[in-house]
Amino acid sequence: MARISPLVALPPVLFAGLAAMFYWGMGRDDPTAIPSTLIGQEAPAVPATTLPGATPLTDADLRSGKVTLVNFWASWCPPCRAEHPTLTALAAEGIPVMGIDLKDPEPAAQRFLAEHGNPFARLATDPQGRAAIDWGVTAPPETFILDAEGRVLYRHAGPLIREDYTNRFRPELDKALAAQK
């Protein structure tokens, strides 16, 4: 009588474990979301630098008594270009959109805003990326929703476009705006 090695059972057991792990991962709330440690906390400081001719962004602007958006962007960033019309539309709705230009040569940033329009009520520059580190930004574009007192309510990594905007970002913004009233 031939004996069957216990190692024969190893591949099916490993496959079942891997399948269970994938199944669990697909069932999470939002597997693409990158959690932020800032949620519920006061927004970090903003840089004191700005582009020539722009209205500087200050820490007081983040506590304006209104829901405010803070958008990290750069002229060299293709997804930032894609989301720019959305930021313009949000500003047209009367939502304060604050911009922090990340690691961008000043002439390039000015040219970008001259060509595409400036949706930012206030603007700061972060040439070294130090503020981005404090905010936990991994790569532009990233947009933060702040409450009237300047606390971070939501962080959106990636461009505000298509389903990502309508299914993830806009519901969080509408919730913040409703709580403000």
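Under UniProt numbering, the first residue of the sequence shown carries the number 1, and numbering increases by one thereafter. Backbone N, C-alpha and C define an ideal beta-carbon position, used for all residues, glycine too. This one's a predicted model, so the numbers in the text were calculated from it and none came from an experiment.
By the C-beta density criterion, Ala-109 is buried, having at least 16 other C-beta atoms within 10 angstroms. In the same chain as Leu-173, and ignoring 5 residues on each side of it, the C-beta atoms closer than 7 Å to its own belong to Ile-145, in chain order. Looking at Glu-106, Phe-72, Ala-89 and Leu-177, the one whose alpha-carbon comes closest to that of Pro-140 is Phe-72.
The secondary-structure analysis by DSSP pairs Thr-68 across a beta bridge with Leu-146.
Per DSSP, Leu-153 is one residue of the beta strand (DSSP E) stretching across 152 to 157. For Ala-43, same chain residues with a beta-carbon under 6 Å away, outside a window of 5 residues either side, are Leu-62, Leu-146, Gly-150 and Val-152 in chain order. Shown here, Glu-115 sits in a helix according to DSSP, grouped into three states. Spanning the alpha carbons of Pro-56 and Asn-167 requires a straight line of approximately 32 Å.
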